[in-house]
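The numbering of the sequence shown is the numbering used here, which starts it at 6 and goes up by one.
Glycine included, each C-beta is placed from N, C-alpha and C at the ideal position.
Worksheet for the structure shown next.
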Amino acid sequence: MLINLLTLHMPHPTKFIIDFDSTFTQVEALDILGEISLLNDPQREEKLQAIKDITDKGMEGNVTFRDSLIQRIEILKANKSQITDLIAALKKKVSKSFERNKEFLQENSENIYIVSNGFKDFIIPIVGAYGIHENNVFANEFVYDDADNIVDFNRDNPLSQNNGKAETIKKINLEGEIYVIGDGYTDYEIKKSGLANKFYAFTENVNRPKVTKEADHIAPSLDEILYVNNLNTKFSYPKSRIKVLLLENVHQIGVDLLKEEGYEVEVVSSAMSEEELCEKIKNVSIIGIRSKTNITRKVLENANRLIAVGAFCIGTNQIDLEACQEKGIAVFNAPFSNTRSVVEMAIAEIIFLMRGFADKTAALHQSKWDKSASGSFEIRGKKLGIIGYGNIGAQLSVLAESMGMNVFYYDVIERLALGNATKIDSLDELLSLCDVITLHVDGRKENANILDRSKIALMKKGAILLNLSRGHVVEIPALRDAILSGHLAGCAVDVFPEEPKNNTEPLTSELIGLPNTILTPHIGGSTSEAQENIARFVPGKIMEYINTGNTYNSVNFPNIQLPFLQNAHRLIHIHMNEPGVLAKINQILANFEINIVGQYLKTNEKIGYVITDIDKAYSTEAIDALKQIPGTIRFRVLY
């Protein structure tokens, strides 16, 4: 439940004057109208660019507003019938932070005014859905001819004239504090005329330097404005103050999703060293990495605001999960998103190695014609041994079987066999049985050198080895010797014990130059499809955790999938897994006569995670008491 704080202890409630184009909505409405009205015009692109250029000049104060309006109306050649399509388009383009705070707008609608150089014809239907009264909308009006063509605008309307917003505010004669929210110079003119107490330059959709330099406060979202004025919003902390650091070329979709959520996002193309990250992470709330960046305990000691870590990959061995638990930092990865890409790569490499394609293509590039069937085999009927029968191993099993291979697998965890795959109880037996061995294990320390010199020696003479999992699971010198001696007929390696931090650093490996050896730069999951899937999945889980407390799919937190919260507040308590914490939480709530409408608890060996939904507005004293419970790691309030 939201409390209207505007009317408390004030003789006159604070009034909000809000611009429409590029503020209430993400776009300039006349630009969108142009896309509709000029759909079949042969000079459409040139005219649309002209409209945009005129709009920008007007917003920055480089041309008079009236001149910009006359020029745009002339280019548009629009009809009244096209306004309906425009409204439909604008409904999908309401600014994200206004959508998030719809409830606030509705509850305070009497004190919210839309003052725009746009047109009532399309503004009223949009803002009306957010509870804003028609009488509180001040904007221009189109003039139509008998055929309903837009031919002009009401030139007597002050908003069609220069400094029209300030003149309009004078006539409204508002009392009390007046805050102006807008992206254009005409919005600043209200404050400049002495008719408003504060001007907030709204930069969620567009940043105009000439405007922001005049602002009392630069506001990347409506959340920020409500936060700095101590007003209740749907969220306990403005999203614009959540800083996100994304490393290692995270896909643009992930960047865009986090920006659309309202977060401040910084992107760095490469990995960072421990020293660099210790400095960079100090004010970061969310960090996204791939495989090359290490989130160590030392890094986490400097992470004063970190809420979540996103591993935009499958593996999390580069993250100190235990230290994250101790600091109440949730970690999310993408366990399924690149599975198909890795599997297809494994199938391709098995075929390449069994046929000797790698050496033959290299020789032919040197003009050496080596047409021979010697050492070249079909994969049909061959025995494939899979070490690690998780998501990737299991899907590889299905595809390999469909191509005629006989599949065997070994896993330390009991896994259900798919298709006709056969479970082998001993790693040694699997190694001695199969023609092809492929590793698909996780990065835990216990998996270091699973295939050491003694294990590689157990493999069949002439067998093939693939490692697309983790660099440290194969003893590299032993693999090199096995290839050179002819004990193994070939290998494919996508991961290395030590990998370059970026594309400019060279790889150093004893495997370079070996015969029938495929080396790839950790690209098993590097397909457009996989990276898009990962870029959608990981931010989605992080945003869900921040917004609802949901930890489903977290790799280090107890997994809780929560119901949708309605008409309640949600309290999140992360603590060391010690007896009696839940009882203490409930006793404090009882002491403050706060009723619990839902409660969820789950623990692992290290921490406990309690979510409590309450139906009463909480006091700061109650929150302070909950934070002081012994063993508390982190406490958050949602809604």
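Scanning the stretch 580 to 642 from its first residue to its last, the whole alpha helix (DSSP H) runs of 4-plus residues come out as 586 to 596 and 625 to 632.
In this structure, M408 lies near I384, with their beta-carbon atoms less than 8 Å apart.
If the five residues before and after K607 are omitted, its C-beta is found closer than 6 Å to the C-beta atoms of P563, I565 and Y614, all from its own chain and listed in chain order. Taken through DSSP and simplified to helix, strand or coil, D192 comes out as helix. Straight across, the Cα-Cα distance linking Y193 with D72 is about 19 Å. Note that the C-beta distance between C318 and S346 is not below 8 Å. Ranking N106, E598 and T617 by CA distance to the CA of Y605 puts T617 first. By alpha-carbon distance to M359, the top candidate from T344, E327 and G386 is G386.
Cβ-Cβ distances below 7 Å link E180 to H17 in the same chain, with the five nearest sequence neighbours on each side left out; the list follows chain order.
Straight across, the Cα-Cα distance linking L282 with V273 is about 12 Å.
In the three-state reduction of the DSSP assignment, K285 falls in the helix class. A distance below 8 Å between beta-carbons, with the five flanking residues on each side excluded, links L200 to the following residues of its chain, in chain order: A171, I174, K175 and I183. When Cβ pairs closer than 8 Å are counted between the two stretches, the stretch 369 to 379 is seen not to touch the stretch 418 to 428, the count staying below three. Nearest in C-alpha terms to I137, of all of T69, S198 and Q111, is Q111. With respect to Y623, I593 sits apart: the two C-beta atoms are not nearer than 8 Å. Taking the Cα of A144 as reference, the smallest distance to any Cα among V560, D26, I579 and N288 is reached at D26. A Cβ-Cβ contact shorter than 8 Å links L631 with I590. If you look at V543, you'll find it in the alpha helix (DSSP H) that goes S533 to T553. In chain order, L35, D36, G39, R77, I80 and L81 place their CB closer than 8 Å to the CB of I56, counting only its own chain and leaving out the 5 sequence neighbours on each side. S226 is the residue among I634, E280 and S226 whose C-alpha sits nearest the C-alpha of N212. Under the DSSP assignment, V403 falls in the alpha helix (DSSP H) whose first and last residues are N396 to S407. Take S245, set aside five residues on each side of it, and the residues of its chain with a beta-carbon closer than 7 Å to its own are P225, S226, D228, E229, G267 and E269, in chain order. Going by DSSP, A316 is part of the beta strand (DSSP E) stretching over A313 to A316. Linking I300 to G395 through their CA atoms gives a straight-line distance of about 25 Å. A residue is called buried once 16 or more other Cβ atoms fall within 10 Å of its Cβ, and K196 is buried on that count. If you draw a straight line from the Cα of V498 to the Cα of E284, it comes to about 34 Å. The way I'd put it, the stretch 144 to 161 does touch the stretch 109 to 129; three or more beta-carbon pairs between them come closer than 8 Å. Along the length of the stretch 35 to 99, whole alpha helix (DSSP H) runs at least 4 residues long occupy 49 to 64, 70 to 81 and 87 to 96, reported in chain order. Close CB contacts of Y118 within its chain, under the 6 Å cut and outside five residues either way in sequence, are with I22 and N141 (chain order). N235 is not bridged by DSSP to any residue.
By the Cβ criterion, the stretch 522 to 539 is not in contact with the stretch 302 to 309, since fewer than three pairs of Cβ atoms, one from each stretch, lie closer than 8 Å. Beta-bridge partners of E271 (DSSP): L250. Excluding residues up to 5 positions away in sequence, N299, T301, K303 and V304 lie with their Cβ nearer than 7 Å to the Cβ of E279 in the same chain. Within the stretch 452 to 527, complete alpha helix (DSSP H) segments of at least 4 residues are found at 458 to 463 and 481 to 490, given in chain order.
In the three-state reduction of the DSSP assignment, K20 falls in the strand class, which pools E and B.
DSSP places S381 outside any beta strand (DSSP E), giving it a letter other than H or E.
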